[in-house]
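**Q** Before I ask anything, here is the structure I am working with.
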Amino acid sequence: MNVIAINGSPHPKGNTYLALSEACAELDKAGISSEIVNVGNLKLTGCRACGYCASHGGKCVLDDGLNEIAEKVKAADGLIVGSPVYYAGINGTLKCFLDRLYYTSSGSMRLKPAAALVVLRRAGGLDTVEDIYRFFTISEMIVTPTRYWPAVHGRTPGEVTEDGEGMQIARNIGKNMAYLLKLKAASDIPLPELEEKISTNFIR
Ligand SMILES: Cc1cc2nc3c(=O)[nH]c(=O)nc-3n(C[C@H](O)[C@H](O)[C@H](O)COP(=O)(O)O)c2cc1C
Numbered sequence: 215m216n217v218i219a220i221n222g223s224p225h226p227k228g229n230t231y232l233a234l235s236e237a238c239a240e241l242d243k244a245g246i247s248s249e250i251v252n253v254g255n256l257k258l259t260g261c262r263a264c265g266y267c268a269s270h271g272g273k274c275v276l277d278d279g280l281n282e283i284a285e286k287v288k289a290a291d292g293l294i295v296g297s298p299v300y301y302a303g304i305n306g307t308l309k310c311f312l313d314r315l316y317y318t319s320s321g322s323m324r325l326k327p328a329a330a331l332v333v334l335r336r337a338g339g340l341d342t343v344e345d346i347y348r349f350f351t352i353s354e355m356i357v358t359p360t361r362y363w364p365a366v367h368g369r370t371p372g373e374v375t376e377d378g379e380g381m382q383i384a385r386n387i388g389k390n391m392a393y394l395l396k397l398k399a400a401s402d403i404p405l406p407e408l409e410e411k412i413s414t415n416f417i418r
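For the sequence shown, this note's numbering assigns the number 215 to the initial residue and increments by one for each residue that follows.
See below:
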């Protein structure tokens, strides 16, 4: 089993990375491999709404590295999305990434365990967690619970390690996700049938 952990921060080894590493270490202890993929330092633009992905097997028309990461995410058994809090929300590059990941991964994330981890100096943590949860729930993913909301405090890179409770929450995420992954692996219950999608815009 394998989990992809997305680092939305432009700092490849900053606080988001450290919080994700704490969760991934618990997955590792449970025998589940993981890879932290940096997204925040890429030059990703927003969705062009061109519809290319719909007729090209989910591939995005833009050649900026997203397709390669999307393939890893689709192949993984679980997903963790980490973001620094920017103005009480996810940072811009991660928003571009998640907007485009939704269409390119359409259907393949269904009922896979997912977890959010955000890092922040002071305020806006829960709003940012909700930003990420909205991606999970529209993708029909199973949101991994934690004992508290998954926000870890720190400002300059490295400071999150001083937030004892926050880092414990990060470890808790790793443990709970490992449990959910094992639960799924031990089950022979098939995924529920998916009806053909009805798409209305409230007008017709
Ligand atoms: C542009 C920008 C906006 C920020 N907005 C907030 C904010 O709204 N609330 C907050 O608590 N911290 C905010 N911060 C602080 C970062 O969330 C914090 O420094 C975080 O630990 C950075 O994580 P990183 O090391 O992974 O990049 C902001 C930082 C930047 C650069």
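The C-beta atom is built at its ideal place from N, Cα and C for all residues, glycine as well.
Taking the beta strand (DSSP E) that residue 289 falls in, what are its first and last residues?
**A** Run containing residue 289: none in the beta strand (DSSP E); it sits in the alpha helix (DSSP H), 280-289.
**Q** Going by DSSP, what residues sit across from residue 250 in a beta bridge?
**A** Beta-bridge pairing links residue 250 to 219.
**Q** Along the beta strand (DSSP E) that carries residue 190, what are the first and last residues, could you check?
**A** This structure gives no information on residue 190, because the portion of the chain shown stretches from 215 to 418.
**Q** With hydrogens ignored, establish whether the beta-carbon of residue 364 is closer than 7 Å to any heavy atom of ligand 1.
**A** No, ligand 1 has no heavy atom inside 7 Å of this Cβ.
**Q** How about residue 320: is its Cβ closer than 7 Å to a heavy atom in ligand 1?
**A** Answer for residue 320: no, Cβ out of range of ligand 1.
**Q** Taking only three categories from DSSP, how would you classify residue 303?
**A** Residue 303 falls in the strand class under three-state DSSP.
**Q** Please identify the residue among 337, 335, 364, 370 whose C-alpha is closest to the C-alpha of residue 346.
**A** Answer by Cα proximity: 364.
**Q** Is the stretch 333-347 close to the stretch 389-409, with three or more CB pairs under 8 Å?
**A** No: the two stretches stay apart, fewer than three of their Cβ pairs being nearer than 8 Å.
**Q** Classify residue 246 as buried or exposed, calling it buried when 16 or more other Cβ atoms lie within 10 Å of its own Cβ.
**A** Residue 246 comes out buried.
**Q** Looking only at C-alpha atoms, which of 321, 330, 413, 220 sits nearest to residue 286?
**A** The shortest C-alpha separation from residue 286 is found at 220.
**Q** Specify the secondary structure class of residue 352 as computed by DSSP and reduced to three states.
**A** Residue 352 falls in the helix class under three-state DSSP.
**Q** How should residue 231 be labelled, buried or exposed, when 16 other C-beta atoms within 10 angstroms of its C-beta is the threshold for buried?
**A** Buried, since its Cβ has 16 or more Cβ neighbours within 10 Å.
**Q** Does any heavy atom of ligand 1 sit closer than 7 Å to the C-beta of residue 378?
**A** No, the beta carbon of residue 378 sits no closer than 7 Å to any heavy atom of ligand 1.
**Q** Kindly list the residues whose CB is nearer than 7 Å to the CB of residue 377, restricted to its own chain and excluding five residues on each side of it in sequence; keep chain order.
**A** Only 366, 367, 368 meet the Cβ criterion.
**Q** Run the CB neighbour count on residue 265, radius 10 Å, all protein chains shown included, and call it buried at 16 or more, exposed below.
**A** Flag for residue 265 reads exposed.
**Q** Considering only the beta carbon of each residue, do residue 333 and residue 229 sit closer than 8 Å?
**A** In contact: residue 333 and residue 229 (Cβ atoms closer than 8 Å).
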